[in-house]
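The block underneath contains the structure these notes are about, expressed in structure tokens.
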Amino acid sequence: MTENNLQILDKKRLEIFKNLNSFKKEGYLAGGTALALQLNHRFSYDFDFFCYRSINRALLNKIRKNFLIKKIAINNNDEFTFFNKDNIKITFLYFPFEFKNKLVNVKQGPQLLSVLDIASAKAYALNRRGSWRDYLDLYNILKSEKNTLKQIIDNAEKIFQEMFSKKLFLSQLTYFDDVDKSDIKKVNFFKNPVDLGNMKNFFESEIKKQALKFYKK
104 MTENNLQILD KKRLEIFKNL NSFKKEGYLA GGTALALQLN HRFSYDFDFF
154 CYRSINRALL NKIRKNFLIK KIAINNNDEF TFFNKDNIKI TFLYFPFEFK
204 NKLVNVKQGP QLLSVLDIAS AKAYALNRRG SWRDYLDLYN ILKSEKNTLK
254 QIIDNAEKIF QEMFSKKLFL SQLTYFDDVD KSDIKKVNFF KNPVDLGNMK
304 NFFESEIKKQ ALKFYKK
């Protein structure tokens, strides 16, 4: 990631990103924003911060010191999601799975989950009905040739083991009927918008391209 990639963050989100720098001991930034900072493919919306341990009182106190909370959406031992003064959603989530790749260091902010691990986490999310942004981000990862479909699946199987279904993931990858179409309009692309039909055709092509490699396992 280069410093130029920070342009995907507007002024308010850049402030949040810099504030998260003080939470390096507690975890790392994951999700779409961490990916966008590395691929530079779309603007940032919310922040998903994965924690090494469950949400405790000390962490909550630290969050309240660093952010002005407008509304709390979820508050339990595994997740603390809130909206800040600018109505930006920030989630601190206890993520019990161990990722396999090194975190990406950033000078002005928290460490980022690697592109491959983000891709595998999104593949896992599709097993549980992912969002339009999950499809979009997987599409951009594959288009960027950072990782192949097989690499994403192999990594997901190592991380999530029996909780990840390769068969279900591949079927969901080309099934858009249950995608919230209203969410598509909310995505602000940094580059060119993505057509739903083109994306589906691309995924189908990638699955066929990788088919022989899958069957060798």
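Letter 38 of the sequence shown, counting from 1, is numbered 141 in the numbering used here, and no numbers are missing.
The beta-carbon is built from N, C-alpha and C at its ideal position, and this holds for glycine as well.
Since this is a predicted model, take the numbers as computed values, not measurements.
- Remark: fewer than three beta-carbon pairs, one from each stretch, lie closer than 8 Å, so the stretch 135-144 and the stretch 168-187 are not flagged as touching.
- Within the DSSP bridge table, the entry for Ala133 names Asp151 as partners.
- In chain order, Asp151 place their CB closer than 6 Å to the CB of Gly134, counting only its own chain and leaving out the 5 sequence neighbours on each side.
- Burial state of Gly300 is exposed, judged by a 10 Å Cβ sphere holding fewer than 16 other Cβ atoms.
- Listed in chain order, the non-local C-beta contacts of Leu112 below 7 Å within the same chain comprise Phe120, Ser147, local neighbours out to five positions each way being set aside.
- Apart from the 5 residues on each side of it in sequence, Ser223 sits with its Cβ closer than 7 Å to the Cβ of Ile255, Asn258, Ala259, Ile262 in its chain, given in chain order.
- The secondary-structure analysis by DSSP pairs Val207 across a beta bridge with Leu215.
- Within the DSSP bridge table, the entry for Ile172 names Asn187 as partners.
- When the five nearest sequence neighbours on each side are left out, the beta carbons in the same chain lying within less than 6 Å of the beta carbon of Ser268 are those of Asn230, in order along the chain.
- Judged by pairs of C-beta atoms under 8 Å, the stretch 233-242 does not touch the stretch 184-204, as fewer than three such pairs exist.
- Restricting attention to Asn159, Tyr227, Met302, Gln214, the CA atom closest to the CA of Lys270 is found in Tyr227.
- According to DSSP, residue pairing for Asn180 in a beta bridge does not occur.
- A straight line joining the alpha-carbon of Leu273 with that of Arg167 spans about 41 Å.
- The secondary-structure analysis by DSSP pairs Ile193 across a beta bridge with Phe150, Phe185.
- Taking a contact to require three or more Cβ pairs closer than 8 Å, the stretch 195-210 and the stretch 152-167 qualify as touching.
- Nearest C-alpha to Thr251 among Lys311, Asn122, Arg116, Tyr278: Lys311.
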